[in-house]
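S.K.: Positions -19 to -1, 1 to 504 (mature numbering (1 follows the signal peptide of the UniProt record, and there is no 0)) are the ones given, in order, by the sequence shown.
A virtual CB, placed ideally from N, CA and C, is assigned to each residue, including glycine.
None of the values given here were measured: they were computed from a predicted structure.
Structure below; questions to follow.
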Amino acid sequence: MRRFFVLVAFAVSLVHASAGIPALPSSQSTTLGKPTEKQTGFVSARNGTLYTDDGKPYTFATFNSPHLLSCSEFEAEDTMRTLRGFARPVSRTYVQSVASINVSPQDANIQGWDSITGDWVYNEAAYVQFDKLLDMASKYDVKLVHPIINQDYGDESSNWAGNWADLIRLRYNLSSYEDTKSIDWWTDLTMIDSYKLIVKHLLNRVNTVNGRRYGDDPTFLAFETGNEMNDGGAAPPPGSWTVTAAKYIKSLAPEIMVLDGSLSRNASTEASWAIEALQAPEVDLHSYHYYRDNPPAYDYRRVNTDAAYVRSFGKTYIVGEVQILTLLPDRNQATDAICIPTQHGFYANASEFSDFFQRQRESKTAGSMVWSIRPHADNGGFLTHGEGDGIFSYHAPGWSPAPEPDFDPLEKSVIHLTREASYTLLDEPVPMFPIPVSPVLSVTQVNGTPGFTWQGGAWAEHYELWSLTKDSGKWSLRETRLYDDVDAGALFIPLNTTGKGAFVLRGVSVDGIPGPFSNIETV
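Structure below.
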């Protein structure tokens, strides 16, 4: 593993506790703490643009955070701090999960159907976790887009979170996935009413942490009717279904925007959204997901045409997910399913992201979210995630070259370009990079070898390790560049303990500004 350090602990004579430990060197305060100003209120769409309730423009460029409903509290807070590094901190969660082939009932939001109560069986523990996330997001003034359920992607191999086919199976007590195909999700009145029950449970829920009803919580930027919903693979959901869903959501959350969750996978802009949905006042936002240059249905360069078309209906356009995958030029588009990237990662070079953000500005697209970002891990290092085909999650502030196989080689460029765009889209000056929060240092052992690990501080590019030495009686800088850009649980810095000492760690920003120190650990 690169950047491997062996730290020698010098024999020390610590100052007696009653006299106190010498003061640490000066550090800057983090710029990623909870905001002191009032939380931003509801965001609304007017004339194709997003505004806060006090008239502040809310155009955004940021990242999806699909882990948020299933990660630890530390990992959720690290995500909030990471998002605070963008001009308008917005992110998109993943869906409410459904008990299914890859999701056990104990892990699912929706565990089954209760024929006695005539309602779904909801996992209270999962919703309490959602409560904590919302309370934390509100304290960091982060806005969330929440897609309510997942699309059926056509087979069980891609059913990672449970989807509407599982809802059909549970509701009708069917034995197999194939059996669900006899029920039309879009028109079956029982399933439409059953979808409404999920919405009702969600929006009427009162947060157990802060007492807010979900449907009244401005932490939500928007409720999305579903994730990548489409009818048969190349058409949006019927307009009647989307409008019915939007009207019901609005009836319970009138001040929160509704996002049309359609993803038609259709190369035709005009065929990508149902006319009824575009005309419905209850639907505030429309979006698309861009993932590659070919086939044309996913080409990010269509954003100009897509945005103009949506705006022609007086609606507001955002990009719910974006990544740019360049395929090998000698492959036949007809065999797109087996095309592979030209290199590890989603895209050929970072300039394509620059082009995308320029197009976002030109097209007056109100927001975009790159897929996807992951935070520091509870047990040191970072959470990582691979989608296949060389697709990996990003981590702030990004490192190049890729430190690990599942860190993207252009991660640094993508993070930096997205952060820059988040400000320039608003015609705001791009500030210096955030000063990281203090890490949490721990002494541990691996195979009998003592050493250090730590929970990282958001936006730390590297870390300094300081020790209290015998000779000087003051803190001395022992290591100037330690890194935590490794997989979760793999962060370990061995220590040759020739004596007892005191150690402390601090993160350093991309601009070289050190943040606050960690806790002090003695060895």
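Rounded to whole angstroms, what's the CA-CA distance from residue 205 to residue 229? Just pull it up for me.
M.R.: Near 12 Å, if we compare the C-alpha coordinates of residue 229 and residue 205.
S.K.: Rounding to the nearest angstrom, what Cα-Cα distance links residue 18 and residue 249 in this structure?
M.R.: So the alpha carbons of these two residues sit roughly 44 Å apart.
S.K.: DSSP three-state label for residue 500, please.
M.R.: It is coil, neither helix nor strand.
S.K.: For residue 193, which of 271, 76, 111 and 243 has the nearest alpha-carbon?
M.R.: Closest option to residue 193, Cα to Cα, is 111.
S.K.: Is the CB of residue 139 under 8 Å away from at least one CB in chain B?
M.R.: Absent here is chain B; the protein component of the structure consists of one chain.
S.K.: Out of curiosity, what's the CA-to-CA distance linking residue 5 and residue 65?
M.R.: When rounded, the distance between both Cα atoms is 27 Å.
S.K.: Starting from residue 271, follow the alpha helix (DSSP H) in both directions and report where the run begins and ends.
M.R.: Residue 271 -> not in any alpha helix (DSSP H); beta strand (DSSP E) instead, spanning 266 to 271.
S.K.: For residue 412 and residue 68, I'd like the C-alpha separation in whole angstroms.
M.R.: About 9 Å.
S.K.: In three-state terms, what does DSSP make of residue 341?
M.R.: Helix.
S.K.: Any chance you could list the beta strand (DSSP E) runs of at least 3 consecutive residues sitting entirely within the region 55 to 133, in chain order?
M.R.: Qualifying beta strand (DSSP E) stretches, in chain order: 71 to 73, 91 to 95, 100 to 103 and 124 to 128.
S.K.: Given a threshold of 16 other Cβ atoms within 10 Å of its Cβ, counted over all protein chains shown, does residue 297 qualify as buried or as exposed?
M.R.: Buried, by the Cβ-count rule.
S.K.: Rounding to the nearest angstrom, what Cα-Cα distance links residue 323 and residue 386 in this structure?
M.R.: The predicted model places residue 323 with a pLDDT of 39, which falls under 50 and marks its position as unreliable; any figure quoted below should be read in that light. One C-alpha to the other measures close to 16 Å.
S.K.: Helix, strand or coil for residue 350? Go by DSSP, reduced to three states.
M.R.: In the structure shown, residue 350 sits in a strand (DSSP, three-state: E or B).
S.K.: Once you ignore the five residues that flank residue 253 on each side, which residues in its own chain have a CB closer than 6 Å to its CB?
M.R.: 245 and 247.
S.K.: Check residue 392 in the structure and name its three-state DSSP category.
M.R.: Helix.
S.K.: Roughly how many angstroms lie between the CA atoms of residue 332 and residue 393, to the nearest whole one?
M.R.: C-alpha separation (whole angstroms): 13 Å.
S.K.: Within this structure, are the beta carbons of residue 227 and residue 257 separated by less than 8 Å?
M.R.: Cβ atoms of residue 227 and residue 257: not closer than 8 Å.
S.K.: Taking only the alpha-carbon atoms, compute the straight-line gap between residue 100 and residue 175 and give it to the nearest angstrom.
M.R.: Rounded to whole angstroms, residue 100 to residue 175 spans 8 Å at the Cα level.
S.K.: For residue 494, which three-state DSSP category applies?
M.R.: Residue state, collapsed to three classes: coil.
S.K.: Taking contact to mean 3 or more Cβ pairs, one atom from each stretch, closer than 8 Å, check whether the region 368 to 381 and the region 72 to 82 are in contact.
M.R.: Verdict: no, contact absent.
S.K.: Taking contact to mean at least 3 C-beta pairs separated by less than 8 Å, is the region 425 to 432 in contact with the region 26 to 36?
M.R.: Result no; under three Cβ-Cβ pairs closer than 8 Å.
S.K.: Does the region 173 to 189 come within contact of the region 267 to 285, defined as at least 3 CB pairs closer than 8 Å?
M.R.: As far as the Cβ criterion goes, the region 173 to 189 does not touch the region 267 to 285, which means the pair count is below three.
S.K.: With the cut-off set at 8 Å, would you say residue 440 and residue 45 are in Cβ contact?
M.R.: No, Cβ-Cβ distance for residue 440 and residue 45 is not below 8 Å.
S.K.: Can the beta-carbon of residue 407 be found closer than 8 Å to that of residue 33?
M.R.: In this structure, residue 33 does not lie closer than 8 Å to residue 407 by Cβ.
S.K.: Considering only their Cβ atoms, is the gap separating residue 125 from residue 30 smaller than 8 Å?
M.R.: No; because the gap between Cβ atoms is not below 8 Å, this pair is not in contact.
S.K.: Would DSSP call residue 285 helix, strand or coil?
M.R.: In this structure, residue 285 counts as helix in the three-state DSSP scheme.
S.K.: Quick one, are the C-beta atoms of residue 465 and residue 472 less than 8 Å apart?
M.R.: Yes; because the gap between Cβ atoms is below 8 Å, this pair is in contact.
S.K.: By the three-class DSSP mapping on this structure, what secondary structure does residue 184 have?
M.R.: Note: residue 184 maps to helix in three-state DSSP.
S.K.: Run the CB neighbour count on residue 445, radius 10 Å, all protein chains shown included, and call it buried at 16 or more, exposed below.
M.R.: Label assigned to residue 445: buried.
S.K.: Nearest to residue 243 by CA position, among 55, 237, 222 and 236, is which residue?
M.R.: When only C-alpha atoms are compared, the closest one is 222.
S.K.: Identify whether residue 172 lies in helix, strand or coil by the three-state DSSP scheme.
M.R.: Note: residue 172 maps to helix in three-state DSSP.
S.K.: Since residue 302 and residue 422 are thought to touch, with beta carbons under 8 Å apart, how far apart are those beta carbons, to the nearest angstrom?
M.R.: Actually they do not touch by this definition, with Cβ atoms about 36 Å apart.
S.K.: Check the C-beta distance from residue 130 over to residue 77 and give it rounded, since I have them as a contact under 8 Å.
M.R.: About 6 Å separates the two Cβ atoms, so the contact holds.
S.K.: May I ask you to list the residues that DSSP assigns as paired with residue 435?
M.R.: Looking at the DSSP assignment, residue 435 forms a beta bridge with 422.
S.K.: Does DSSP put residue 334 in a helix, in a strand, or in coil?
M.R.: Helix at residue 334.
S.K.: Tell me, please, which residues DSSP counts as bridged to residue 210.
M.R.: DSSP output for residue 210 lists 243 as bridge partner(s).
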